[in-house]
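First comes the structure, then the notes that go with it.
Chains as they are written, first to last, in the numbering used here: chain A, 1 to 459; chain B, 1 to 182.
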């Protein structure tokens, strides 16, 4: 506590307020709704949107070529059949998890600081899951037959293999997408009503009015609404843990050395939250600067997120440590070879980069100076995003490329199409995010009014 | 407000307040006065307000529990039926009803059904979507989603009397009391 800090923190530490001084119900409403309704769309927005949209077009081209030629245009082959598609799938799904954590788990734990970041973290979840969902579909080779994964009485008289983690994945990811979407939309209903009431343009009024479904802020409605939010939070909490657990089962249920370990579920969940918070930070820092939201997304928010990143990063570090330890302690020749190959084999550079990005650099978050410096946090968050992607690369590729019989070893190199598809989903994610901040309230207005009330009582 | 211009039937009287505590005490006083059919409209949830306007308890948790239970049973049967009844495959004598492998999907289906029940149950109980509601006719009601707090006593309240109820409401620290057309 108390050290010198960059952005005018009150001296002596202590709890900093969650919202800047001098705000009232009205000013909070006006400031957030103005971003959508009255502020002019800036050149920066158009530029960012144009770049992101160009990347979406790249994605479309990559997918079209894939559908014409098949998965042979990617770098996958025996023995590495999973490659970029599965790496990116796991990475994107993981990113989504912080949104659910912020909106559900922190709600149950009554962490009021979640209020100003939960809305766009939830939006981030949905967009990340949408990007994630593309990969396994394309990876199937014949995406137009994707519905074969669903259980329905088909004319072939067969059923999906319900004992396979890949089918569990279908249920887990589609449930996660549905519940996240519901949670996000329900959370937005009162704010959509605010936009309906404040929109000047007739067409906007009608659109927001239809979306708000006639919400009028009745006391009885609020009562049921709050109950519903609490129930959804209670349901989403075990769900988010189960989703990445099931994703880790895709690996852990197989007998490949490097995958077949019981530590995978907890370590995947921690890694998911780790990368998710890094992504929230990556998005929050530019947004608060761009839209001048420092009053709402304060340094305290950023510092709290940095602390969560530090904690989950340590769990991930423990996971890496245990993997290595068990490889030797387990006395299994293939496991021992796998870990040595990871650290010293052809992909060793990637492994050590991963350790650098995920374990070494984030230790700087122990220092309050780093946690309260916005540029430093932004850099650490980007580094963790990269690190978590590398982690998935190491898990997928180094485990598969040299498993049991040396005669079937091989190398994996991504092709230009792999990279185009990945970068394309980054564009898709950003495009959806640009549209979101432009057309929907990116901070929960009615929950921010609740914070005004609190700080009003204190001062 | 000009009471004489009203031609359409009356929905009720609405009072506008500046802050939640005035509204809350007004609701308590109206209840003590014997009014039963009323509602309050606020830009944020206010602790205890639903009870003050006479709302007892929501059955939403029970409905969600039933929804979740249906999802749980349905999810399990979804796997039991193909594996045991419709398409039994004997693989090395392993049991057909290998329930541990069915746990993840059963769990996901439980959550999915419960979440859908929560959202659609909440909307249905609240009567949303509502394309038309008389309370939107109240003057400045668009401020109910910004920073104003409203209390409405409905005309169908047995104790409602236009003159006396208006006088009562005017004594409640309200900024303004106005009539709402149905």
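Beta carbons: idealized from backbone N, C-alpha and C, even for Gly.
Cut-off 6 Å between Cβ atoms - residues of its own chain near residue i, not counting five sequence neighbours on either side
{"i": "residue 20 (chain A)", "result": "295"}
{"i": "residue 341 (chain A)", "result": "402"}
{"i": "residue 447 (chain A)", "result": "115"}
{"i": "residue 87 (chain A)", "result": "392, 393, 396"}
{"i": "residue 249 (chain A)", "result": "165"}
{"i": "residue 32 (chain A)", "result": "441, 443, 445"}
{"i": "residue 275 (chain A)", "result": "94, 95, 388"}
{"i": "residue 302 (chain A)", "result": "377"}
Residues near residue i in its chain [Cβ-Cβ closer than 7 Å; skip 5 each side]
{"i": "residue 544 (chain A)", "result": "The structure shown does not extend to residue 544 (chain A), since chain A is modelled only from 1 through 459, so no value can be given for it."}
{"i": "residue 196 (chain A)", "result": "205, 208, 209, 212"}
{"i": "residue 383 (chain A)", "result": "357, 361"}
{"i": "residue 121 (chain A)", "result": "98, 99, 102, 103, 280"}
{"i": "residue 439 (chain A)", "result": "36"}
{"i": "residue 191 (chain A)", "result": "441, 444, 445, 446"}
{"i": "residue 324 (chain A)", "result": "339"}
{"i": "residue 261 (chain A)", "result": "252, 323, 326"}
{"i": "residue 165 (chain B)", "result": "13, 153"}
Beta-bridge partners of residue i, as assigned by DSSP
{"i": "residue 180 (chain B)", "result": "B:12"}
{"i": "residue 151 (chain B)", "result": "B:15, B:40"}
{"i": "residue 364 (chain A)", "result": "According to DSSP, residue 364 (chain A) bridges with nothing at all."}
{"i": "residue 218 (chain A)", "result": "B:41"}
Span of the alpha helix (DSSP H) around residue i
{"i": "residue 58 (chain B)", "result": "Here residue 58 (chain B) belongs to no alpha helix (DSSP H), and DSSP marks it neither H nor E."}
{"i": "residue 194 (chain A)", "result": "165 to 198"}
{"i": "residue 385 (chain A)", "result": "374 to 393"}
{"i": "residue 131 (chain A)", "result": "115 to 139"}
{"i": "residue 123 (chain B)", "result": "99 to 125"}
{"i": "residue 352 (chain A)", "result": "348 to 355"}
{"i": "residue 21 (chain A)", "result": "Run containing residue 21 (chain A): none; DSSP gives neither H nor E here."}
{"i": "residue 91 (chain A)", "result": "83 to 100"}
{"i": "residue 418 (chain A)", "result": "416 to 439"}
{"i": "residue 69 (chain A)", "result": "43 to 69"}
{"i": "residue 39 (chain A)", "result": "Unbroken run through residue 39 (chain A): none, as it is neither H nor E."}
{"i": "residue 269 (chain A)", "result": "264 to 290"}
{"i": "residue 95 (chain B)", "result": "Unbroken run through residue 95 (chain B): none, as it is neither H nor E."}
{"i": "residue 294 (chain A)", "result": "Looking at the DSSP string, residue 294 (chain A) is not in any alpha helix (DSSP H), and its letter there is neither H nor E."}
{"i": "residue 90 (chain B)", "result": "Per DSSP, residue 90 (chain B) belongs to no alpha helix (DSSP H) and is neither H nor E."}
{"i": "residue 170 (chain B)", "result": "162 to 170"}
{"i": "residue 208 (chain A)", "result": "202 to 212"}
{"i": "residue 343 (chain A)", "result": "333 to 344"}
{"i": "residue 146 (chain B)", "result": "Looking at the DSSP string, residue 146 (chain B) is not in any alpha helix (DSSP H), and its letter there is neither H nor E."}
{"i": "residue 33 (chain B)", "result": "20 to 33"}
8 Å Cβ cutoff, residue i in contact with chain C
{"i": "residue 114 (chain A)", "result": "In the displayed structure, chain C is absent; the protein chains listed are A and B."}
Residues of its chain near residue i, where Cβ-Cβ distance is below 8 Å and the 5 sequence neighbours each way are ignored
{"i": "residue 180 (chain B)", "result": "10, 11, 12, 13, 14, 134, 135, 137, 138, 152"}
{"i": "residue 111 (chain B)", "result": "68, 71"}
{"i": "residue 29 (chain A)", "result": "194, 198, 445, 449"}
{"i": "residue 146 (chain B)", "result": "43"}
{"i": "residue 319 (chain A)", "result": "263, 266, 267, 270, 271"}
Residue i Cβ short of 7 Å to the ligand HEM heavy atom set
{"i": "residue 354 (chain A)", "result": "In the structure on display, the ligand HEM does not appear, and there are no ligands present to speak of."}
Open item on the list: Assess contact between the stretch 37 to 57 of chain B and the stretch 67 to 86 of chain B, defined as three or more Cβ pairs (one per stretch) separated by less than 8 Å. Is contact present?
Closed with: With the cut-off at 8 Å, the stretch 37 to 57 of chain B and the stretch 67 to 86 of chain B do not touch.
Open item on the list: What are the residues in the stretch 91 to 102 of chain B lying within 8 Å of chain A by C-beta distance?
Closed with: The residues in question are 98, 101, 102.
Task: Chain-ordered residues of the stretch 109 to 123 of chain B with a beta carbon less than 8 Å from chain A - done: Within the stretch 109 to 123 of chain B, the qualifying residues are 109, 111, 112, 114, 115, 116, 118, 119, 121, 122, 123.
- [ ] With 9 Å as the C-beta to C-beta threshold (strictly closer), list the residues of the stretch 126 to 145 of chain B near chain A in chain order.
- [x] Those would be 126, 127, 128, 129, 130, 131, 132, 133, 135, 136, 141, 142, 143, 144, 145, in chain order.
Open item on the list: Please list, in chain order, the residues of the stretch 219 to 242 of chain A that have any C-beta partner in chain B closer than 8 Å.
Closed with: Listed in sequence order: 219, 220, 221, 222, 223, 224, 225, 226, 227, 228, 231, 232, 235, 236, 238, 239, 242.
Open item on the list: When you compare the stretch 16 to 30 of chain B with the stretch 140 to 150 of chain B, are there three or more beta-carbon pairs, one atom per stretch, that lie closer than 8 Å?
Closed with: They touch, by the three-pair rule.
- [ ] Compile a chain-ordered list of the residues in the stretch 435 to 456 of chain A whose CB is closer than 7 Å to at least one CB of chain B.
- [x] Under the 7 Å Cβ criterion, the stretch 435 to 456 of chain A contributes 446, 449, 450.
Task: Three CB pairs or more closer than 8 Å across the stretch 314 to 328 of chain A and the stretch 262 to 269 of chain A - done: Touching, yes, given that three or more Cβ pairs across the two stretches are closer than 8 Å.
Task: Cβ contact (3+ pairs, closer than 8 Å) linking the stretch 149 to 165 of chain B and the stretch 233 to 246 of chain A - done: The stretch 149 to 165 of chain B, when compared against the stretch 233 to 246 of chain A, does not touch it at the 8 Å Cβ threshold.
Task: chain A contacts from the stretch 53 to 80 of chain B (Cβ-Cβ distance under 7 Å) - done: Cβ contacts with chain A come from 53, 55, 58, 60, 61, 64, 78, 79.
Open item on the list: Does the structure place the stretch 61 to 76 of chain A close enough to the stretch 427 to 443 of chain A that three or more beta carbon pairs sit under 8 Å?
Closed with: No, because fewer than three Cβ pairs between the stretch 427 to 443 of chain A and the stretch 61 to 76 of chain A fall closer than 8 Å, the two stretches do not touch.
TODO: Quick one: which residues of the stretch 134 to 163 of chain A get their C-beta closer than 9 Å to a C-beta of chain B? List them in chain order.
DONE: Interface annotation for the stretch 134 to 163 of chain A against chain B: 151, 153, 157, 158, 159, 160, 162, 163, criterion Cβ-Cβ distance under 9 Å.
Task: Contacting positions in the stretch 285 to 306 of chain A - beta carbon closer than 8 Å to chain B - done: None of the residues of the stretch 285 to 306 of chain A has a beta carbon lying less than 8 Å from any beta carbon of chain B.
Open item on the list: Tell me whether the stretch 63 to 70 of chain B and the stretch 103 to 118 of chain B touch, counting them as touching only if at least three CB pairs, one residue from each stretch, are closer than 8 Å.
Closed with: The count of Cβ pairs closer than 8 Å, one atom from the stretch 63 to 70 of chain B and one from the stretch 103 to 118 of chain B, reaches three, so the stretches are in contact.
Open item on the list: Does the stretch 371 to 388 of chain A come into contact with the stretch 53 to 65 of chain A, if we say contact requires no fewer than three beta-carbon pairs (one atom in each stretch) closer than 8 Å?
Closed with: Counting Cβ pairs under 8 Å, fewer than three are found: no touch.
Open item on the list: Please identify, using Cβ separations under 9 Å, the residues of the stretch 162 to 175 of chain B that lie next to chain A, in order along the chain.
Closed with: Under the 9 Å Cβ criterion, the stretch 162 to 175 of chain B contributes no residue.
Task: Inter-stretch contact (C-beta, 8 Å, three-pair minimum) for the stretch 125 to 143 of chain A and the stretch 166 to 175 of chain A - done: At 8 Å Cβ cutoff, the stretches touch.
Open item on the list: Is it the case that the stretch 30 to 44 of chain A contacts the stretch 367 to 383 of chain A, given that we only count it when at least three CB pairs across the two stretches are under 8 Å?
Closed with: The answer is no - the stretch 30 to 44 of chain A does not touch the stretch 367 to 383 of chain A, with fewer than three Cβ pairs under 8 Å.
- [ ] Can you give me, in chain order, the residues of the stretch 164 to 189 of chain A that have a beta carbon less than 7 Å from any beta carbon in chain B?
- [x] For chain B, the residues of the stretch 164 to 189 of chain A that bring a beta carbon within less than 7 Å of one of its beta carbons are 168, 171, 172, 175, 178, 179, 182, 186, in chain order.
Open item on the list: For the stretch 29 to 43 of chain B, list every residue whose C-beta sits within 7 Å of some C-beta in chain A, in sequence order.
Closed with: Answer in chain order: 39, 40, 41, 42, 43.
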